[in-house]
Amino acid sequence: MKNLLIADDNEQILDVLKEYAKKEGYDVYTAKTGKEALSEFHKRSFHAVLLDVMMPEMDGFEVCREIRRASMVPIIMITARGEDFERIMGLDIGADDYVVKPFSPSEVMARLRAILRRMDQAGNARRQSVTKGSLSISLETFQAFVGEEEVRLTKKEIEILFLLASKVGNVFSRGQILDCVWGYDYYGDDRTVDTHIKRMRAKLDQCGHPDWKVVTVRGVGYKFEMCHE
């Protein structure tokens, strides 16, 4: 059995998701506040978390940040709000997906299956690391270094950088990056990729790396390029 944590202060939504998840074979644990969700999370090992944004005591963004300090467990954010900046914020702090209410419970379960399937398929990759010039990345520890200095990147930024650096010179379209990093057709536009890469570059550029760069191929996508080979 796989453990699933569902946190939502709406009891009706909680009950519906719980029933659907049980039918999928999950051992389900629930919480109605942010603090309760964190407390429940630290009691046992979870395979995934469904996390409402608007909860009492601590909102979902705060809970997501706290979970990410200790774990890379898949997290799907659930909210009644659908503004782009909130969706990007949720993904930027480490969430794997973002579902807007009202939603179909079947869709939520499908997204959860897709994320866990991608995690299984990437099992070997997560034990790998890549080093290109001064850059080194580990998907086992989700760390990136430029020289001896660690660069604090989010989970998605690490995955995007690893993807690009693993295939030096290959151009990845935004759609390909979404498919490889998010693991399925993303319900939204490809500005998410641009936002993540912009923030990733800003963090990396603080260290200085004259031997490599992440290049924008106008009208196509992005690639990782060595400057001195």
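For any residue, its number in the numbering used here is found by taking its place in the sequence shown, counting from 1, and adding 978. We treat Cβ as the ideally placed atom computed from N, Cα and C, and that holds for glycine.
Residues sharing a beta bridge with residue i, DSSP
i	result
residue 982	1006, 1026
residue 1191	1203
residue 1122	1115, 1129
residue 1110	1113
residue 1053	1027
Where residue i sits in the DSSP three-state scheme
i	result
residue 994	helix
residue 930	What is shown of the chain runs 979 to 1207, which leaves residue 930 out entirely.
residue 1178	helix
residue 1021	coil
residue 1103	Unreliable placement is indicated for residue 1103, whose pLDDT of 49 sits below 50; the coordinate value is still reported in the next sentence. Here residue 1103 sits in helix by DSSP.
residue 1074	coil
residue 1140	helix
residue 1081	coil
residue 1036	coil
residue 961	Since the first residue shown for the chain is 979 and the last is 1207, residue 961 is missing from the structure and cannot be characterised.
residue 987	coil
residue 1147	coil
residue 1092	helix
residue 1047	coil
Rounded Cβ spacing between residue i and residue j (contact assumed at less than 8 Å)
i	j	result
residue 1182	residue 1086	Actually they are not in contact, since the Cβ atoms of residue 1182 and residue 1086 sit about 34 Å apart, beyond 8 Å.
residue 1133	residue 1055	With a Cβ gap of about 13 Å, residue 1133 and residue 1055 do not count as contacting.
residue 1046	residue 1072	4 Å
residue 1178	residue 1138	7 Å
residue 1021	residue 1005	The pair is not a contact, with the Cβ atoms about 13 Å apart (cut-off 8 Å).
Start and end residues, alpha helix (DSSP H) containing residue i
i	result
residue 1158	1152 to 1160
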